[in-house]
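In what follows, a single structure is set out as structure tokens and then discussed.
Protein chains in written order, with our numbering: chain A, 311 to 585; chain B, 9 to 309.
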């Protein structure tokens, strides 16, 4: 019986301890960003809180790194990837789920096949295509691998398969053709899955590092991820500036996450879990 | 007679409509998929039989030379071994800790949503930023970690421990994602099972091992398969945390990192292609083994 009272406290302690481990790196980033370089390189005494909260590192990296264009590039990259993925996947997903036509199964097996292959296999040929088109350092190059999505098609197919068949039959009896049935009846019903796919696509476009590193060499064309990677080499030991830049780069996405927490978690994890 | 003909006509026209719209609907996706993914698979295989010429010289067909060279290349085997070591830490720890946290959070607990949001936070942060933060925490002279423990450990430049330090970042990054998947799976387990266990007087650990884990095994299996595939593709962390002059680089660089180095830093696309084919083979092999082994421990109702 003693256990009954002790266990909830113990559970809270364990969860709290892990929460601290999860938050500590973020906290340390924030604290460091407001320190001076000499505060970060002082061992005795070890400085935990900055003596005065200095914003100098923020203004320096903001000016040096041209964050306006980094935000703009990242936003455009996310926008185009989401538009392309959602618009192509919702049509294809519906066709695979609800229409019967010759060649469907073999085409769908290509979708499944793509999902099993590690994406690095595609990267060299994708880069060669971009390079042959003389399109490196363009927004098109950044969006290129995400023009269509096998995973998203699969996700949308699952969503449409879960909808009742009667609705389509009723719409057809009312004289809707296939396109109308899809646009007016079925697509709106699969909206939740489409939103999930959009969030999933957005977050992974934001996090992608290797492809932007490959196709963008000019810092004015880079998204945040590649720019952060490049700046690390230039500011190698100025940790207040490195942390300030990291904070500026992470803040918009984290702010969005805090507002739309439920949608984010469902979008990323639940879509991942539906495979 | 006439009605049947009409009916037959109607059916064929309905089939034709489906054929027409079906192909229109899938056309953009299929075109993109074939150009961006299906053809590139063959291009990569093709490319792996060529030596990419230095200084703008064209491709030279060398047959299986890249593969021969790769199988004798100690660096490739070391990278494969490093990747394996990374996975051996990242996958089990991120799964076990996530499972425990999910079980603990799967009850009416104060601040449940807040905890879930905290654990999931690394999923929405840029990996480049996460890597920089951890690099700073690991800093051997001024880092937070050495200060807390009062040590002078070279967390990321000592070849003996750098791979563990990297894998710890991996565990920290993916923990919340696994936990959310487990939480979703736990919701599907009917309450009666736990009530029955309670009546029988089963302890918490016994309930976890004999009820939760078997009933959650399809989710655990899914997370395991996808995490292993993900761990074998580790790149961002190595690229960001390990400098090219880091003495521990050789003992930590992953297969995908090596692929990136050959294909894009050194411009040897042929050898890079061969390495990526090795990656494909390894991932396929491990996935098939897991599919076979699942029969032994995964319970589908």
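Built from N, CA and C at the ideal position, the CB exists for glycine as well. Fair warning: this is a prediction, and the values are worked out from it, not measured in the lab.
With DSSP collapsed to three states, give me the class of residue 18 (chain B). helix
For the stretch 233-245 of chain B against the stretch 89-100 of chain B, do three or more pairs of beta-carbon atoms, one drawn from each stretch, fall closer than 8 Å, so that the two count as touching? yes
State yes or no: is the C-beta of residue 91 (chain B) within less than 9 Å of the C-beta of residue 233 (chain B)? no
Residue 387 (chain A) versus residue 354 (chain A) - alpha carbon distance: 45 Å
Is residue 516 (chain A) near residue 533 (chain A), with beta carbons less than 9 Å apart? yes
Compare the beta carbon distance of residue 121 (chain B) and residue 571 (chain A) with 9 Å and say whether it is the shorter of the two. yes
Could you tell me which of B:135, B:294, B:76 sits nearest to residue 279 (chain B), measuring between CA atoms? B:76
CB contact below 9 Å: residue 560 (chain A) versus chain B: yes
Listed in chain order, which residues of the stretch 138-172 of chain B have Cβ atoms closer than 9 Å to some Cβ of chain A? 138, 139, 140, 141, 142, 143, 144, 145, 147, 149, 150, 152, 155
For residue 114 (chain B), which three-state DSSP category applies? coil
For residue 428 (chain A) and residue 511 (chain A), the rounded distance between their alpha carbons: 17 Å
Could you work out which residues of chain B lie near residue 469 (chain A), taking near to mean beta carbons separated by less than 7 Å? None at all; the shortest Cβ gap to chain B is about 15 Å.
What does residue 244 (chain B) reach in chain A if we use C-beta pairs closer than 7 Å? 519
Is the beta carbon of residue 246 (chain B) closer than 9 Å to that of residue 261 (chain B)? yes
Hey, does residue 27 (chain B) have any beta-carbon neighbour from chain A nearer than 9 Å? yes
Is residue 34 (chain B) helix, strand or coil when you go by DSSP? helix
Hey, is residue 494 (chain A)'s beta-carbon within less than 9 Å of any beta-carbon in chain B? no
Quick one, which residues of the stretch 69-92 of chain B are near chain A if we go by CB-CB under 7 Å, in chain order? none
If you run the structure through DSSP and keep just helix, strand and coil, what is residue 312 (chain A)? Reliability of the predicted coordinates at residue 312 (chain A) is poor, the pLDDT of 45 falling under 50, and the value obtained from them is presented with this limitation in mind. Residue 312 (chain A) falls in the helix class under three-state DSSP.
Residue 539 (chain A) and residue 526 (chain A) look like a contact to me (Cβ under 8 Å); what is the Cβ gap, rounded to whole Å? At roughly 11 Å, the Cβ-Cβ gap does not stay under 8 Å, so residue 539 (chain A) and residue 526 (chain A) are not in contact.
Can you tell me the Cα-Cα spacing of residue 111 (chain B) and residue 505 (chain A), whole angstroms? 28 Å
Note down the Cα distance separating residue 289 (chain B) from residue 170 (chain B), rounded to an integer number of angstroms. 27 Å
Hey, how far is the Cα of residue 413 (chain A) from the Cα of residue 375 (chain A)? 50 Å
Looking at residue 472 (chain A): is its Cβ nearer than 9 Å to the Cβ of residue 395 (chain A)? no
Kindly indicate which residue of B:292, B:250, B:186 has the alpha-carbon position closest to the one of residue 576 (chain A). B:186
Bridge-paired residues (DSSP) for residue 60 (chain B): B:67
If we call anything under 9 Å between Cβ atoms a contact, is residue 403 (chain A) one with residue 464 (chain A)? yes
Proximal residues to residue 569 (chain A) (C-beta, below 8 Å), its chain only, five neighbours per side dropped: none
Is the distance from the Cβ of residue 129 (chain B) to the Cβ of residue 564 (chain A) below 9 Å? yes
Check whether the Cβ atoms of residue 268 (chain B) and residue 439 (chain A) sit closer than 9 Å, and answer yes or no. no
Anything in the stretch 220-234 of chain B with a Cβ closer than 8 Å to a Cβ of chain A? List those residues in chain order, please. 227, 230, 234
Any chain A beta carbon closer than 9 Å to residue 131 (chain B): yes
In this structure, does DSSP put residue 500 (chain A) in helix, strand or coil? coil
Are any of the Cβ atoms in chain B nearer than 9 Å to that of residue 501 (chain A)? no
Taking the alpha carbon of residue 408 (chain A) as the reference point, which residue from B:189, B:113, B:33 has its own alpha carbon closest? B:33
Classification of residue 432 (chain A) by the beta-carbon crowding that lies within 10 angstroms, buried from 16 upward: buried
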